[in-house]
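Protein chains in written order, with the working numbering: chain A, 499 to 685; chain B, 499 to 685.
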């Protein structure tokens with residue numbers, strides 16, 4: 499199993515955005531949509547051995563966590579708009595204290611970063627100042643285009659996350675996920 | 499300089515598609531849009547040392563080649579729709595026998611695969627049956643989601659292209675570009 503956790507501090511948490519202008523109306527759900535497709539799609543299908551948690555802390559209704567389960571996902575298309583529509587459905591689903599299915603393979607829960615407590619260790623935090631990436635199991639934690647807040651960085655440190663970097667160039671969240679997968683694929 | 503060439507056999511070559519349904523109306527301009535953003539965008543800007551050639555062989559007006567020049571590109575956003583709009587503008591520009599600018603850093607020309615004659619050698623063709631990737635200069639040639647035709651594979655062989663593979667999992671064009679960049683970044 500490969501586990502990713504992406505933290506979004508800005509994506510709207512009520513799903514009230516326009517699919518005709520995703521970057522301009524959603525708090526950049528496009529960033530998260532691309533991370534979802536990077537996490538699951540290969541040329542010929544869906545990676546069944548992956549789970550992705552998106553911790554949504556943006557306005558107006560945080561926190562919510564959306565969970566994507568590779569083995570249960572259906573109809574995940576590579577284009578941004580289709581995936582943003584799935585995010586929208588999840589954010590419009592009433593989140594309970596336990597996981598509630600919005601569409602097949604996608605669930606939502608009223609939870610913030612504490613969701614990490616139940617994820618596989620060790621934790622790796624993608625960070626420009628991190629050490630080298632050694633492909634191994636655990637949970638890979640990534641920020642969105644704005645990165646983590648200082649408080650979130652501190653809580654990741656407290657959780658024992660090891661900071662890792664994928665190279666000298668700072669990349670987008672979805673690009674980092676592609677590189678982690680490739681590292682794990684070629685171990 | 500890093501040079502990529504992507505071959506699309508299906509994207510509409512007249513630019514007559516709807517930005518509201520890119521995958522459904524454009525012959526998958528979304529695939530090419532994602533390849534453009536992978537080729538040029540990092541977390542903090544545009545890779546100035548990159549050129550991308552998209553050889554467009556789809557209906558109804560082939561061949562056309564669109565050239566993206568990193569050092570001249572402006573306003574490249576990471577979302578698919580904005581980039582598809584730039585592709586649309588290029589495909590609606592009358593292509594001459596020499597490069598014609600459609601928007602800053604983007605040019606179009608009436609040319610097919612023969613554009614390769616002027617690109618830096620050696621040529622590397624991404625292929626599932628290829629040998630290992632050794633990061634080095636030259637031109638990296640990729641297909642779209644449908645891959646190359648047998649005839650195109652043969653002409654790449656004739657051009658002396660070395661077939662390379664990035665790992666055991668077959669990936670999308672944009673994902674391959676991310677991996678090639680990272681390989682070159684970390685040499």
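By construction, the Cβ of each residue, glycine as well, lies at the ideal position given by its N, Cα and C atoms.
Cβ of residue 560 (chain A) within 8 Å of any chain B Cβ
Translated into positions along the first chain, residue 560 (chain A) becomes position 62. It does not: the Cβ of residue 560 (chain A) has no partner Cβ on chain B nearer than 8 Å.
State the DSSP-derived secondary structure class of residue 646 (chain A), mapped to helix, strand or coil.
One-based indexing of the first chain puts residue 646 (chain A) at position 148. Correct three-state label for residue 646 (chain A): coil.
For residue 634 (chain A), does the count of other Cβ atoms within 10 angstroms reach 16, so buried, or fall short, so exposed?
Mapped onto the first chain, residue 634 (chain A) falls at position 136. Per the 10 Å Cβ criterion, exposed.
Mind checking whether the beta-carbon of residue 624 (chain B) lies closer than 7 Å to any heavy atom of the ligand NAP?
Of ligands this structure carries none, so the ligand NAP is not represented either.
Please state the DSSP three-state secondary structure of residue 537 (chain B).
In the second chain, the residue the question calls residue 537 (chain B) occupies position 39. Helix.
Does the distance from the C-beta atom of residue 554 (chain A) to that of residue 506 (chain A) stay below 8 Å?
On the first chain, residue 554 (chain A) is found 56 positions in, with the first residue counted as 1. On the first chain, residue 506 (chain A) is found 8 positions in, with the first residue counted as 1. In this structure, residue 506 (chain A) lies closer than 8 Å to residue 554 (chain A) by Cβ.
Answer yes or no: does any C-beta atom of chain A fall closer than 8 Å to that of residue 653 (chain B)?
Within the second chain, numbered from 1, the residue matching residue 653 (chain B) stands at position 155. It does not: the Cβ of residue 653 (chain B) has no partner Cβ on chain A nearer than 8 Å.
Residues, ordered as in the chain, of the region 547–577 of chain A that lie near chain B by beta-carbon distance below 8 Å
575, 576, 577
The beta strand (DSSP E) with residue 609 (chain B) in it runs from where to where?
Taking the second chain and counting its residues from 1, the one referred to as residue 609 (chain B) is at position 111. From DSSP, residue 609 (chain B) is part of no beta strand (DSSP E); its letter is neither H nor E.
For a quick check, are the C-beta atoms of residue 567 (chain B) and residue 588 (chain B) less than 8 Å apart?
For the purposes of this step, residue 567 (chain B) is taken as residue 69 along the second chain, with counting starting at 1. For the purposes of this step, residue 588 (chain B) is taken as residue 90 along the second chain, with counting starting at 1. Going by C-beta atoms, residue 567 (chain B) is not nearer than 8 Å to residue 588 (chain B).
Please confirm if residue 656 (chain B) has its CB atom under 8 Å from at least one CB of chain A.
For the purposes of this step, residue 656 (chain B) is identified with residue 158 of the second chain, where counting begins at 1. Answer no: the Cβ-Cβ gap between residue 656 (chain B) and chain A never drops below 8 Å.
Alpha carbon to alpha carbon, how far is residue 673 (chain B) from residue 610 (chain A)?
Within the second chain, the letter at position 175 stands for residue 673 (chain B). Within the first chain, the letter at position 112 stands for residue 610 (chain A). If I take the Cα positions, the gap works out to 30 Å.
Buried or exposed, going by whether 16 or more other CB atoms sit within 10 Å of the CB of residue 612 (chain B)?
Position 114 of the second chain, counted from the start, is the residue given in the question as residue 612 (chain B). By the 10 Å Cβ count, residue 612 (chain B) comes out exposed.
Local conformation of residue 521 (chain A) per DSSP, three classes:
Taking the first residue of the first chain as 1, we reach residue 521 (chain A) at position 23. Note: residue 521 (chain A) maps to helix in three-state DSSP.
Is the Cβ of residue 673 (chain B) closer than 8 Å to any Cβ of chain A?
Counted from its first residue, the second chain places residue 673 (chain B) at position 175. Yes, its Cβ sits closer than 8 Å to a Cβ of chain A.
Which one of A:594, A:665, A:685, A:559 has the shortest CA to CA distance from residue 685 (chain B)?
Counting from 1 along the second chain, the entry for residue 685 (chain B) is found at position 187. Residue A:665 is the option with its Cα nearest to residue 685 (chain B).
Where does residue 504 (chain B) fall in DSSP's three states?
Here residue 504 (chain B) is taken as the residue at index 6 of the second chain, counted from 1. Of the three classes helix, strand and coil, the one that applies to residue 504 (chain B) here is strand, per DSSP.
Are any of the Cβ atoms in chain A nearer than 8 Å to that of residue 530 (chain B)?
By one-based count along the second chain, residue 530 (chain B) stands at place 32. By this cut-off, residue 530 (chain B) is not an interface position.
Count the other CB atoms within 10 Å of the CB of residue 680 (chain A); is the residue buried (16 or more) or exposed (fewer)?
Position 182 of the first chain, counted from the first residue, corresponds to residue 680 (chain A). Residue 680 (chain A) sits buried, since 16 or more C-beta atoms from the chains shown fall within 10 Å of its C-beta.
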